[in-house]
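Chemist: For the sequence shown, the working numbering gives the first residue as 11, with consecutive numbering after it.
Heads up, the beta-carbon is just placed ideally off N, CA and C, and yes, glycines get one too.
Mind having a look at this structure? Questions to follow.
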Amino acid sequence: MKVNIGVSARHVHVTNEDVIILFGKDYKLTKKTNLTQPGQFACNEQVTLKGPKGTIENVRILGPERAQTQVEISKTDTFKLGINPPVRNSGDLKDASEITIIGPAGQITKNAAIIATRHVHATKEDAKKHGFEGKKCVKLIVKGEKGGILNNVHVRISDKSFYEVHLDTDDANAFLIKNGDEAELIIE
């Protein structure tokens, strides 16, 4: 079964409290562009990430605000920052690495950095239609010059989903994948 791929670059999700620290009192995030997932958007606001070994500037915030602040980076990013975050589903910050997020008005340091799992977004109807209802993981077959199989693609079911696989930039670069490419899901 075919599925489109969305390549997810490094980004930050923030709480309202952390928006105030980073950008100032009464500050509200502003929408730059909508993302494919319903209700999700890239913000105009960007921050700097700082770890023990280095910094990465101009990291986009994604909205809307969340219940907890979270930084999603690639393994390649971890070498520049000097941290070793775990691979986790979005929202799971167990053992997340400490990172400093710097905005124009202030900064925060917290255990918020993870490498996001590969995942497929789907509604219950999508999962039933494509045969992966009740599955935790599926496989992704990528065609092309550097094609291959990606294992451990987590299934994320939500009524507010757009059917799409999300990979980080390391996975995408390894298989020469770009945003909007198509691949095939395999269920075992």
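1. Short check: CB of R281 to CB of N162, under 8 Å?
2. Could you tell me whether the Cβ atoms of K90 and D180 are closer together than 8 Å?
3. Taking the beta strand (DSSP E) that L150 belongs to, which residues open and close that run?
4. For the putative contact between I112 and V81, defined by C-beta atoms under 8 Å, what is the C-beta separation to the nearest angstrom?
5. Work out the CA separation of I159 and D28 for me, nearest whole Å.
6. Using the Cβ count rule (16 or more neighbours within 10 Å means buried), how would you classify P95?
7. How about I109 and G61: are their beta carbons less than 8 Å apart?
8. Can you grab the Cα-Cα spacing for the pair Q50 / R166, in whole Å?
9. In angstroms, rounded to a whole number, what distance separates the CA positions of K134 and V148?
10. For A77, count neighbouring Cβ atoms within 10 angstroms of its own Cβ and tell me buried if that reaches 16, exposed if not.
11. Quick one: using the 10 Å Cβ neighbour count with 16 as the cut-off for buried, is V97 buried or exposed?
12. Can you give me the C-alpha to C-alpha distance between I196 and V175, rounded to a whole angstrom?
13. Rounded C-beta distance between R70 and H23? I'm assuming under 8 Å.
Modeler: Taking the geometry as given:
1. In the structure as shown, the chain starts at 11 and stops at 198, and residue 281 therefore has no counterpart that could be examined.
2. Locating residue 90 in the sequence shown gives position 80, where the first residue counts as 1. Locating residue 180 in the sequence shown gives position 170, where the first residue counts as 1. The answer is no: Cβ separation not under 8 Å.
3. Position 140 of the sequence shown holds residue 150. It spans C147 to V152 - the beta strand (DSSP E) in which L150 sits, taken as one unbroken run.
4. The residue given as residue 112 occupies position 102 in the sequence shown. The residue given as residue 81 occupies position 71 in the sequence shown. So it is not a contact: roughly 12 Å between Cβ atoms.
5. Your numbering for residue 28 matches position 18 in the sequence shown. Your numbering for residue 159 matches position 149 in the sequence shown. Those two C-alpha atoms are separated by around 39 Å.
6. Translated into positions along the sequence shown, residue 95 becomes position 85. Its Cβ being crowded by 16 or more others within 10 Å, P95 is buried.
7. Reading the sequence shown from its first residue, position 99 is the one you call residue 109. Reading the sequence shown from its first residue, position 51 is the one you call residue 61. Taking 8 Å as the Cβ cut-off, I109 and G61 qualify as a contacting pair.
8. On the sequence shown, position 40 is the one that residue 50 refers to. On the sequence shown, position 156 is the one that residue 166 refers to. Near 15 Å, if we compare the C-alpha coordinates of R166 and Q50.
9. Taking the sequence shown and counting its residues from 1, one reaches residue 134 at position 124. Taking the sequence shown and counting its residues from 1, one reaches residue 148 at position 138. Roughly 15 Å between the two C-alpha positions.
10. Walking along the sequence shown from the start, residue 77 turns up at place 67. When all chains shown are included, A77 counts as exposed.
11. For this step, residue 97 is matched to residue 87 along the sequence shown. Label assigned to V97: exposed.
12. Here residue 196 corresponds to residue number 186 of the sequence shown, with the count starting at 1. Here residue 175 corresponds to residue number 165 of the sequence shown, with the count starting at 1. Distance between the alpha carbons of I196 and V175 is about 12 Å.
13. Numbered from 1 along the sequence shown, position 60 holds the residue referred to as residue 70. Numbered from 1 along the sequence shown, position 13 holds the residue referred to as residue 23. Not confirmed; about 11 Å, so no contact.
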